[in-house]
Structure formats: C-alpha cells, structure tokens
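Participant:
2 protein chains.
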Amino acid sequence: MRAPLVALPPGAVTDPDVLAAHSKDHASTCPAGEALCLVRPRSTEEVSAVLAFAHEHRIPVVPQGARTGLSGAANAIDGAILLSLERMTAILDLDEENQTATVEPGVINADFSRAVAGRGLFYPPDPSSWEMSTLGGNVATNAGGLCCVKYGVTADWVRGLEVVLADGRVLRTGRSTAKGVAGYDLTRLFVGSEGTLGVVTKIVTALRPAVEAPRTAIAFFGDLDSACATVTDVMTGGLRPSLLELIDPVGLAEVSRERDYGFPPGTNTVLIAQSDAEDTVLEGFTTAAARHGGEALIADGPEEGKLFLAARRSVGLVLEKRGAMLSDDVCVPRTRLRELVAGVGEIGRRQGVCIACTGHAGDGNMHPTIVFDAADPDETRRANEAFGDVMALGLELGGTITGEHGVGLLKRDWLERELGPVGVDVHRSLKSAFDPRSIMNPGKVLA
Amino acid sequence: MRAPLVALPPGAVTDPDVLAAHSKDHASTCPAGEALCLVRPRSTEEVSAVLAFAHEHRIPVVPQGARTGLSGAANAIDGAILLSLERMTAILDLDEENQTATVEPGVINADFSRAVAGRGLFYPPDPSSWEMSTLGGNVATNAGGLCCVKYGVTADWVRGLEVVLADGRVLRTGRSTAKGVAGYDLTRLFVGSEGTLGVVTKIVTALRPAVEAPRTAIAFFGDLDSACATVTDVMTGGLRPSLLELIDPVGLAEVSRERDYGFPPGTNTVLIAQSDAEDTVLEGFTTAAARHGGEALIADGPEEGKLFLAARRSVGLVLEKRGAMLSDDVCVPRTRLRELVAGVGEIGRRQGVCIACTGHAGDGNMHPTIVFDAADPDETRRANEAFGDVMALGLELGGTITGEHGVGLLKRDWLERELGPVGVDVHRSLKSAFDPRSIMNPGKVLA
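First to last, the sequence lines map onto chains A and B. For the first sequence, my numbering gives the first residue as 1, with consecutive numbering after it. For the second sequence, my numbering gives the first residue as 1001, with consecutive numbering after it.
1) Which residues in the same chain as residue 1001 (chain B) place their Cβ atom closer than 8 Å to its Cβ, once the five residues preceding and following it in sequence are excluded?
2) I need the boundaries of the alpha helix (DSSP H) containing residue 1427 (chain B), first residue and last residue.
3) Name the chain A residues whose beta carbon is nearer than 8 Å to that of residue 1401 (chain B)?
4) Quick one: grab the DSSP three-state call for residue 193 (chain A).
5) At the level of alpha carbons, what is the spacing between residue 175 (chain A) and residue 1389 (chain B)?
6) Please classify residue 1003 (chain B): is it buried, with 16 or more other beta-carbons within 10 angstroms of its beta-carbon, or exposed?
7) Ordered along the chain, which non-local residues of its own chain (more than five positions away) have a Cβ less than 7 Å from that of residue 1282 (chain B)?
8) Which chain B residues sit within Cβ distance under 8 Å of residue 209 (chain A)?
9) Report yes or no: is there a C-beta of chain A within less than 9 Å of the C-beta of residue 1070 (chain B)?
10) Taking beta-carbon pairs under 9 Å, can you tell me which members of the region 1007-1030 of chain B lie near chain A?
11) Below 8 Å on the Cβ atoms is my contact criterion, and I expect residue 1206 (chain B) with residue 1064 (chain B) to pass it. Report the Cβ-Cβ distance as a whole number of Å.
12) How far does the beta strand (DSSP E) with residue 68 (chain A) in it extend, from its first residue to its last?
13) Does any CB atom of chain B fall closer than 9 Å to the CB of residue 363 (chain A)?
14) Could you list which residues in chain A have their beta carbon closer than 9 Å to that of residue 1189 (chain B), in chain order?
15) Residues in the same chain with beta-carbon distance under 8 Å from residue 131 (chain A), minus the five sequence neighbours each way, listed in chain order, please.
16) Run through the DSSP bridge pairs and tell me what residue 1174 (chain B) is partnered with.
17) Are the C-beta of residue 1434 (chain B) and some C-beta of chain A separated by less than 9 Å?
18) Let me make sure I understand the geometry here. Which of A:269, A:200, A:178, A:345 has the alpha-carbon closest to that of residue 1333 (chain B)?
19) Three or more C-beta pairs under 8 Å: does that hold for the region 1282-1291 of chain B against the region 1252-1266 of chain B?
20) For residue 1367 (chain B), which residues in chain A fall below 9 Å Cβ to Cβ?
21) Taking the continuous beta strand (DSSP E) assigned at residue 1324 (chain B), which residues delimit it?
22) Specify, as a first and last residue, the run of the beta strand (DSSP E) that residue 1366 (chain B) falls within.
23) Do residue 1254 (chain B) and residue 1202 (chain B) have their CB atoms nearer than 9 Å?
24) Using only the alpha-carbon positions, how far apart do residue 23 (chain A) and residue 72 (chain A) sit?
25) Find the nearest neighbour of residue 1438 (chain B) within the set B:1143, B:1339, B:1195, B:1250, judged by alpha-carbon distance.
26) For a test of the three-state rule: what should DSSP assign to residue 9 (chain A), helix, strand or coil?
27) Give a yes or no on whether 9 Å exceeds the smallest Cβ distance from residue 1179 (chain B) to chain A.
28) Have a look at residue 1385 (chain B) and residue 403 (chain A) and give me their C-alpha separation to the nearest angstrom.
29) Using 9 Å as the limit for Cβ to Cβ distance, is residue 345 (chain A) near chain B?
30) State whether the region 1340-1351 of chain B contacts the region 1314-1321 of chain B, with contact taken as three or more CB pairs (one from each stretch) at a distance under 8 Å.
31) Mind checking residue 1375 (chain B): buried by the 16 CB within 10 Å criterion, or exposed?
32) Alpha carbon to alpha carbon, how far is residue 74 (chain A) from residue 67 (chain A)?
33) What residues from the region 1090-1104 of chain B come within 8 Å of chain A, judged by C-beta to C-beta, listed N to C?
34) Can you pull the chain B residues whose beta carbon is under 9 Å from the beta carbon of residue 144 (chain A), in chain order?
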C-alpha cells in the first residue's frame, strides 16, 4: 500500500488483508492494483463526501458491488479508494399498485427478487450471479441473464437513478412513471457505464405481476446445425420462451465426462427451453425440434425440469475444475448463431485449446469459455489468442464483443475496434463531460 | 430572410414561400424564426457536408422530419439552415429472420408499418401522427402512441443509429443484435434528443411477429373515480391490454355536443380497451369495470370496435373547431391518475377555460387540452396559466411534464423545474460535449 498523501475519508479501512480481499472481481485473468483504502458508506451523503474528497485530491475511485463481475471493472487501481456499496442495502419503497420499487445499490438481486415475489410481483433480470450480485452492480454492468430472451436486460427495468457525480453533486435521472421524455436519457447512459461516470446510490425499478413457475423442455440433436435451425424457427415463429439455452458439442462432451445425463446416443448438441406462461411455447419448441430431426421432451414437473437444466448449469463448474478460464460473451444476430458456434469450435481446434460454447441461444448471446493451463506459457498464449479470435469472429458476423458481461479491463482494447475512431472520440468526450479529472474508475472501459 | 453571409450549401432553397411553409411544426402557439435556407439531402454524405459547412460557419441547423411534432422542436430559428430529411426515404433492409430493419429517417411511419406487416412482422410505435410522421422524427422525439401501454415507446424498438455529429463526422451507435453492452448507451442518448445532439441518418429497429387484429371493449362510468379504479385494477392485475384510453367528463361533454354516440344516460367518463392477443384481457376489463359500477361491452367485430374508439379519436377534431389549443402531455404514476384528471378539471374551472383530459390511462399519460380564444388576451393569459398549472400538478403528483410530446420550445422553461439545477448542468455539459459550437437546434430543449 502506498502511504496516503492526504487525510483519508472518515471510516476508511487500510488493513492490507481487507484491501487484498476487495481487490478483484471474478475475471481471474485481469490484473488488480494496490488500493489506498476501502470505504463503505451508508448513505448518499457519505458517498457524496467521499467523491468530493477524491475529486479535490484527484484520487481515483473504484465503485464496487459484490465483485461478481467478469471483466475486471471492479478491480483495484493503484492508489485508489475502493468505494463499496455493500452497506447500502435498503429496499426503500415497494409500490404494488404502480409496480415500481426504489432500492439502494447494495441490495442483493436474490433478496430483492424474493421480497418482490412476496408481494405477488416479479423482477425479471436474473444474471447467473443473482444469489450474490447486487442491484447496483447489475445496473453498473447492465446485467443480463437467462430470462432476457423474454424479458430484456437490467436496463429495461430501470426507470430512474440517483447518482453521485465525480465531484460529489447528487443527480436524479429518469422518472417513476411508465413513460417520460423530459430531457436526455441520462438513466440509460449510467446503466452499463461500469462506474466510469458516477456512483449509483438509488435505483427505481419497474416490476411486473408474478408469472407461473416455468415449465421446461429439452431437445437432443445429432448435429449443431439442426439445433440452430430450431432456435431460428422458435424465435421467428413468434413463440416467447422465457429461457432458450444451447450446449454445444464441446460443452456436452465435457459435462458428459463428469456424469452420465442419459442423453440419447448420438446426441452432440442440446437445447433447453422454458416457458412461464399458460401458452403453447413448449409444444411449438418440440414441434420445431422434431422438424429438424431432434428428439424433444417436455418435463412432467418442476423436478424433471431442474434435471433438464442440470447439464447446462454444470458447464461452468466442470470447466472450472479443469484449469484457468477465459469467458467470452459475444452476441450475434440470431441467424448467425450456427456460424458463431461452429467457428468457435474451429478456433479451439486451430489453437489447440478447449472452448465450450454454451449460452443464451435465443438472444444469439453465447459464452465461449476457454479452459487452459495457466502454468503453461504457450497454452496461455494460445488461449489468449483464441479469446481474441472469438471476438473477431463475433464482430465479423455483425455482432458485439460483449452481450452482457461488459468491457472492464478484459475487453478494453477490443472495445475500440467495435466502436471505431469516432465512437471512441465520443466516448472520451462524454467521459470528460462527467468526470473532467478522470477519477471515476479510470482505465476501465476506455484506456 | 437575412442575406446569407457565406455561400450556401449545394441545393439550398431560399424561396421565402418555401421557407415559410417549412418554418413550423404542429405546436401552434410556439414562435418560429426566419431561416436562412432549406436543404433536403439525399444521403448521409450530403448531411455530413451540410453539417461540416454549418459547423465551419457557426450557422444553426434545425433538423426536420414531417414537422408533426407538438412542442416546436422543428420550428425555424433566425438565420438557420432547415435540414429536412424528407428525401431520405429508403427501407434499406428488412430482415425477417432476425426481425430487424434498417431505414432512412424520412420513411413515413405508416409506410414502414405496412411494409413490415407485408412480411408478417409488426413495428409497434404508433403515434397519432403515424400516417404523416417520419421514423426520424419519431426517434428524435421518442414518440409514443396508443399501443405503448403494451409495447413501449419508440426507444424500446431502436437498436442502433447512424448519426451525423455537429462537425459532420459520422457516428454509428448500438448494434443489430438482441443484446449488447459494449460502451455507453449512445443510442438512447440520441433518441428523444430533439435534434440537439446530431442528425440521425439511419435507424436499426427491432420488429416482432405480427399480432392478431385487436378486439375492442368500452366501459361507461357515472364518475371519474370508478373509471380510474378500473384502470388500476386492470394494470395491476397483470392484464396486458394493447390500448387503454380514458375520456374525462369535459372531453365527453365536448364530443357529445357534436354527435350522439348513444352512451348510456348518466355516463360521464369512458374507458376504451383493446387486446391483440388470444387472451382474457377484455373479459378481465369488463369484470373490473363492473366491479366499480361501470357498464362494459365487448365489440362484436372490428366495425363496432372502430365505433367504440370513434369518440376518443374525435376529441382533437372537435376541440380544434372551438379555438386555439394548448396540448399538455403530463404523465403520472398510474395510481395518481384520478388526482391528475380531477385536478385538471379544477384548474379549468378556476381559470375559466375548457380543458378536455383524454389520453393513455394505462400509462398514466394524459393529454389535457386547453381550448381558448386566441383573439382574447385575457383568455389567452388564463389558458397559458392553466397550461403551467397542469404541469405543476403533474410534477406534484410525482410525474413528468412530458410523457411523449417532448420539450422543444413549448416546455423548455418547465424542463429546468423538472430536472433541477444539477440535472440542467449535466444536460448542458452533454450538449457541449456533442456540439461545442451550439449549432444543433440551439434554444430547443435547453435555453
């Protein structure tokens, strides 16, 4: 830890062990610096005081939620104040009639979702980290999840924010009404800005009435093409599944090594669909799968439904045991899904690394995950090359380098390629307009 | 017309009659200046050349679509270049499988909606002006419409944009994929910015599968409170009507003076609902209405359905015959709807002006419309006071001064009240970041 040059903000923790424990998110390959201190404010006023202090002394600030992000956006920066929102955990308002809630950023997604469900309502955004991640972190990264395919991403559920600006001033954005066009859409600008423009201290979310417990179906295919054609049929046919996931041949082989899921012989690609409405989505799914030579089953209850999803959920855990992981997050137009998954397979073969390609097929948003031995420099180099190859492929197919994980440190250099020079210039102008001293999570998203 | 101090851009029209014909939008009470010239570019390159020219010579530019806006945002400014996008009318791509389209900004909403319907798809945003207004104008104002209550506003259907910046550089924002979090959400920043940040030259929209032709129901109430309680029941009950409109006692009296709609005796408030799905929405609507003492009918076909909507659609036309109009557009949390409509009635009585309050009840977005004799200075003063009183009431009820019409010139001073001083500062910083010479529609939205 560098010696502080100025008096620290009140309550600042400088214990090296505490700082080390707060220095990284879940992007295992991203570097982290040595922070100056950790502060855990309990109110907007305290956040404002910390930022005013940091602004005055030009000290970088790294906002943190539960540090479950996958791009290094919450990683410590040398000499920075780590500003954890974990103590701001109040659900300030839960309005059943207007179907809105106002929450502090440290509320855990699962706690909120359960509180809302207790009132007969539903908050859809469900990132895989939902049992740990905070709503503030979800907002900062515009988190997605499994049910995006029907309900959209975090941004679609945020109506307004309270944000502490870099200099400590408090801004309110948006509204609590269903519609509103008064001024620029500042709310959306902060959502997904990864702590580079300000610190979110209150969130107004929209809610919707509770839905049925989902029903689940699974379809087994002998080849990738048939599975991808089924996805296109389902989505263009107007069906609205609440989940539509794909496990590619590599991912399937990996999970099958750990456990026999009893898949029919010859299965090399699997689709799992859910529907949470009293409708004909799953019947449409099984019909589409059969049309493309797949064999599909509808679960006869929630327990069997969980079993159908088990292989998909186990992919990450199985891969984690095998070595270091680089998790990609490209999203392509849905019709390019086959080319993406097949192309990822080729990249894996060419680079000689294992890449499992599972993900949210209904959105065209896949998570090609590269597993490698971090102790082997040559394999590490090939893994990193493969990581870039996957993003290049995504861009080539008309897609984006990140569908839901964000840019952080992990994809910062790639962002410039996606945005192009004018886009980068505009991003820099915007950043300067909000944060002229560049203290807000500097070096994240933009170099 | 002022004499041009510099050579005009190629193809510039300076005919005073043409300029006068292009000097105003539909906000009848907003002032318009005298433009320098009108240009009607046919390509992004031509738009870029005009803006580079304007930027060099510090000439203001007013982007225009079909000038059907209701806030004066497209009104001429003294010495400005009117930049009409009416010649950029190509539907560049209509992708049935990915359910997206790429269009130029001058495409008329209705032309696009019909082209899309011809492919079995649906583009929901349906502002009342849809037969005339352009998609570029819809994007610039983030236009709403009748079906927002189910499908959201224009912004919810825009995935990416091509924008010519104030200095002529061409920026691409967003994506053509279902999800994406690469960088700041510039797309949403431009949507609804009323031509103050740049000129939109291409729009990537999302589409969805076609829906059923809507069925219609109507409900008659003896008092406003019962109608508003019905709206709350419908919306909180999880029903998803594709239209839910209210006609208040004043509006109902006005339209009934022109024509006998055969409403039951004692009716003073009417709700109209539609549903475009094979569901139980209309049955739920009639049940909710009956619970609150209303009398409800489901149309037995499309013709009767049109009849049920006829009174709602005629309000504007009937009022137009009576004098000048000031159309408000406040949006409040749905549970405050009764207070808004009742409060507007009180404002009308207090100021001695007629204010009909119809609108999109399901969204809490109403259009209190003040009718007055513009030749009577005292009545004009009272009408303007009432206009402000309505916005003050909307803000007091936790709402916004504009749900879908925008700020333009009409509500510029009120915007500052809604945003507060920090919000105004941030708006100004953003404006400067994009348009340092303040040539993009200066004086609109922000003073």
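In this text, a Cβ means the ideal position worked out from N, Cα and C, and glycines have one as well. The structure displayed is predicted, hence computed values, not measured ones.
Facilitator: Let me lay it out:
1) For the purposes of this step, residue 1001 (chain B) is identified with residue 1 of the second sequence, where counting begins at 1. Below a pLDDT of 50, predicted positions are generally treated as unreliable, and residue 1001 (chain B), at 45, falls in that range; the measurement from the model is reported next regardless. Closer than 8 Å at Cβ, skipping near neighbours: 1014, 1016, 1019, 1034, 1035, 1036.
2) Here residue 1427 (chain B) corresponds to residue number 427 of the second sequence, with the count starting at 1. Note, residue 1427 (chain B): alpha helix (DSSP H), 1412-1434.
3) For the purposes of this step, residue 1401 (chain B) is taken as residue 401 along the second sequence, with counting starting at 1. Neighbours of residue 1401 (chain B) on chain A, chain order: 182.
4) Sequence index remark: in the first sequence, residue 193 (chain A) carries index 193 (1-based). Residue 193 (chain A): coil per DSSP, three-state reduction.
5) Here residue 175 (chain A) corresponds to residue number 175 of the first sequence, with the count starting at 1. Here residue 1389 (chain B) corresponds to residue number 389 of the second sequence, with the count starting at 1. Cα to Cα, the separation comes out at about 20 Å.
6) Along the second sequence, one-based indexing puts residue 1003 (chain B) at 3. Confidence at residue 1003 (chain B) is low in this model, with a pLDDT of 48, below 50, so the placement of that residue should be treated as unreliable; the coordinate-derived value is given next. Its Cβ having fewer than 16 others within 10 Å, residue 1003 (chain B) is exposed.
7) Looking up residue 1282 (chain B) in the second sequence gives position 282. Only 1215, 1217, 1273, 1275, 1298 meet the Cβ criterion.
8) Position 209 of the first sequence, counted from the first residue, corresponds to residue 209 (chain A). In chain order: 1236, 1237, 1238.
9) Translated into the one-based positions of the second sequence, residue 1070 (chain B) becomes position 70. Chain A contact via Cβ: absent.
10) none
11) Position 206 of the second sequence holds residue 1206 (chain B). Position 64 of the second sequence holds residue 1064 (chain B). Not a contact, Cβ separation roughly 26 Å.
12) Residue numbering aside, residue 68 (chain A) sits at position 68 when the first sequence is read from its first letter. Element bounds for residue 68 (chain A): n/a, residue is neither H nor E.
13) Position 363 of the first sequence holds residue 363 (chain A). Closer than 9 Å to some Cβ of chain B, the Cβ of residue 363 (chain A) qualifies, so yes.
14) On the second sequence, residue 1189 (chain B) is found 189 positions in, with the first residue counted as 1. The answer, in chain order, is 184, 185, 186, 188, 189, 430.
15) The residue given as residue 131 (chain A) occupies position 131 in the first sequence. Counting only Cβ-Cβ distances below 8 Å, and skipping sequence neighbours, we find 108, 109, 110.
16) Here residue 1174 (chain B) refers to the residue found at position 174 when the second sequence is read from its first residue. The partner list for residue 1174 (chain B) (beta bridge, DSSP) reads B:1160.
17) For this step, residue 1434 (chain B) is matched to residue 434 along the second sequence. Yes, because at least one Cβ of chain A sits closer than 9 Å to the Cβ of residue 1434 (chain B).
18) Numbered from its first residue, the second sequence carries residue 1333 (chain B) at position 333. Among A:269, A:200, A:178, A:345, the Cα nearest to that of residue 1333 (chain B) belongs to A:178.
19) no
20) Counting from one through the second sequence, the residue named residue 1367 (chain B) turns up at place 367. In chain order: nothing, as chain A lies at least about 12 Å away.
21) Taking the first residue of the second sequence as 1, we reach residue 1324 (chain B) at position 324. 1324-1327 is the span of the beta strand (DSSP E), which, as asked, contains residue 1324 (chain B).
22) What you label residue 1366 (chain B) is simply residue 366 of the second sequence in a count that begins at 1. 1365-1372 is the extent of the beta strand (DSSP E) around residue 1366 (chain B).
23) Within the second sequence, the letter at position 254 stands for residue 1254 (chain B). Within the second sequence, the letter at position 202 stands for residue 1202 (chain B). Taking 9 Å as the Cβ cut-off, residue 1254 (chain B) and residue 1202 (chain B) do not qualify as a contacting pair.
24) Counting from 1 along the first sequence, the entry for residue 23 (chain A) is found at position 23. Counting from 1 along the first sequence, the entry for residue 72 (chain A) is found at position 72. Distance between the alpha carbons of residue 23 (chain A) and residue 72 (chain A): 10 Å.
25) Against the second sequence, residue 1438 (chain B) aligns to sequence position 438. Nearest option by C-alpha distance: B:1195.
26) Translated into the one-based positions of the first sequence, residue 9 (chain A) becomes position 9. The answer is coil: DSSP assigns residue 9 (chain A) none of H, G, I, E or B.
27) If you number the second sequence from 1, residue 1179 (chain B) lands on position 179. So, interface residue.
28) Counting from 1 along the second sequence, the entry for residue 1385 (chain B) is found at position 385. Counting from 1 along the first sequence, the entry for residue 403 (chain A) is found at position 403. Cα to Cα, residue 1385 (chain B) sits roughly 49 Å from residue 403 (chain A).
29) Here residue 345 (chain A) refers to the residue found at position 345 when the first sequence is read from its first residue. Chain B contact via Cβ: absent.
30) no
31) To locate residue 1375 (chain B), count along the second sequence from 1; it is residue 375. Residue 1375 (chain B) is exposed by the Cβ-count criterion.
32) Along the first sequence, read from residue 1 onward, the residue named residue 74 (chain A) stands at position 74. Along the first sequence, read from residue 1 onward, the residue named residue 67 (chain A) stands at position 67. Looking at the two C-alpha atoms, the distance is approximately 6 Å.
33) 1095, 1096, 1097, 1098, 1099, 1100
34) Taking the first sequence and counting its residues from 1, the one referred to as residue 144 (chain A) is at position 144. Neighbours of residue 144 (chain A) on chain B, chain order: 1179, 1181.
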